[in-house]
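Residue numbers (this note's numbering): 3 to 261.
Even glycine gets a Cβ: it sits at the ideal position worked out from N, Cα and C.
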Amino acid sequence: MNSALLPLSFIIPAAAVLGACFGSFSNVLVYRLPRNLSVVGPRSFCPSCKKTVAWYDNIPLLSWFLLRGKCRYCSTAISPLYLILEAAGALLTLVALWRLGNNVEGAAAAFYLLLLLNIAIIDWQHMIIPHTLTITGMLTGLAFSIFTPLGIINSALGMLLGAGIILAVSYGYKLMRGVVGMGGGDVMLMGMVGAYQGIWAVPAVLFGGAIMGTLYALTAGRGQVAGQNKLPFGTFLAAAAVVVLFAGDWIWSFYMGLF
Ligand SMILES: [Zn+2]
Numbered sequence: 003m004n005s006a007l008l009p010l011s012f013i014i015p016a017a018a019v020l021g022a023c024f025g026s027f028s029n030v031l032v033y034r035l036p037r038n039l040s041v042v043g044p045r046s047f048c049p050s051c052k053k054t055v056a057w058y059d060n061i062p063l064l065s066w067f068l069l070r071g072k073c074r075y076c077s078t079a080i081s082p083l084y085l086i087l088e089a090a091g092a093l094l095t096l097v098a099l100w101r102l103g104n105n106v107e108g109a110a111a112a113f114y115l116l117l118l119l120n121i122a123i124i125d126w127q128h129m130i131i132p133h134t135l136t137i138t139g140m141l142t143g144l145a146f147s148i149f150t151p152l153g154i155i156n157s158a159l160g161m162l163l164g165a166g167i168i169l170a171v172s173y174g175y176k177l178m179r180g181v182v183g184m185g186g187g188d189v190m191l192m193g194m195v196g197a198y199q200g201i202w203a204v205p206a207v208l209f210g211g212a213i214m215g216t217l218y219a220l221t222a223g224r225g226q227v228a229g230q231n232k233l234p235f236g237t238f239l240a241a242a243a244v245v246v247l248f249a250g251d252w253i254w255s256f257y258m259g260l261f
């Protein structure tokens, strides 16, 4: 593992601010990607009165409180999701550095968690997984693996296995039922999971995502699992990926200890 490059007194606040800024950008992604709007321009605007948000009203974590959760111009309520995403960005970045180290591995995990957060929310709200995020995930996952204990071979094999399994299942499902079970978004998402977590994490994440999705369908969906598959499977896969990232080793030793 790489050693720390900078003192913690600098790293912790810097990581929190950077994470909050990424969380703030998440708001742009979550709103614009499913609507096929550009994420680079125009500048952030109020969805209600369309006025451009000034830079001083766009400060992560602070502006939402200063504006008391309302647009400065039209007083329309600003969704607390904005604040939640900014706080989540800061929190996830700190947790990643704390658990995986103040090094490239920690930075990779932080970036990965932020991608998963965006994907989980967008899939939950719109039932789509933007390829922009998953392709970014596959490429950065491969690039980070060169500098982490995961290694480029494990990362590349994980990407192929992750995407390959979903592609095979989806194709098989189509042959049997004549309908598409899982979308191309799920294929790309599992490719990204494999690229970041390696080949051994792929079955664990698929298994965990399937269990969470089924439990959700049985409780919230009131048992309406049969018929057309309308679960945001990507959200459950993303949640399972986080569990495996932080608790995978622990769950594995617990499971092996049972026998
Ligand atoms: Zn407004």
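Can you find a heavy atom of ligand 1 that lies under 6 Å from the Cβ of residue i?
i     : result
Leu75 : The identity of residue 75 in the sequence shown is Tyr, whereas the question assumes Leu. Yes, the Cβ of Tyr75 comes within 6 Å of a heavy atom of ligand 1.
Cys23 : no
Ser50 : yes
Thr78 : yes
According to DSSP, what are the bridge partners of residue i?
i      : result
Lys232 : Partner(s): none; Lys232 has no beta bridge.
Thr54  : Phe47
Ala1   : The structure shown does not extend to residue 1, since the chain is modelled only from 3 to 261, so the question has no answer here.
Sorted by chain position, which residues of the same chain lie with C-beta nearer than 6 Å to residue i's C-beta, five sequence neighbours on each side aside?
i      : result
Phe1   : No answer is possible for residue 1: the residues shown for the chain start at 3 and end at 261.
Ile123 : Val32
Leu177 : none
Gly225 : Bear in mind that the predicted position of Gly225 carries a pLDDT of just 49, short of 50, making it unreliable; the figure below should be weighed with that in mind. Excluding sequence neighbours, Gly225 sits near nothing in its chain.
Under a three-way DSSP split, which group does residue i fall into?
i      : result
Ala110 : helix
Pro36  : helix
Ala197 : helix
Leu96  : helix
Val42  : coil
Thr134 : helix
Pro9   : coil
Leu64  : coil
Ile270 : With the chain represented from 3 up to 261, any question about residue 270 goes unanswered, as that position is not in the structure.
Thr150 : coil
Trp126 : helix
Asn105 : coil
Ala222 : coil
Phe24  : helix
Leu118 : helix
Gly185 : coil
Trp202 : coil
Under 7 Å Cβ to Cβ from residue i, same chain only, skipping five residues before and after it: list those, please.
i      : result
Val30  : Val41 and Ser46
Leu191 : Ile121, Ile131, Thr136, Gly236 and Leu239
Trp66  : Ile80, Tyr84 and Leu85
Arg264 : There is no way to answer for residue 264, as the model of the chain reaches only from 3 to 261.
Excluding the five sequence neighbours on either side, which residues of its own chain have a C-beta within less than 8 Å of the C-beta of residue i, listed in chain order?
i      : result
Gly21  : Gly91, Ala92, Leu93, Leu94, Thr95, Leu96, Ala112 and Leu116
Pro44  : Thr54
Thr138 : Leu117
Ile154 : Leu144, Ser147 and Ile148
Could you tell me whether any Cβ in chain D is nearer than 7 Å to the Cβ of residue i?
i      : result
Thr136 : Within the model displayed, chain D is absent; a lone protein chain is all it includes.
Cβ pair count under 8 Å reaching 3, the region 130-148 against the region 84-103: no
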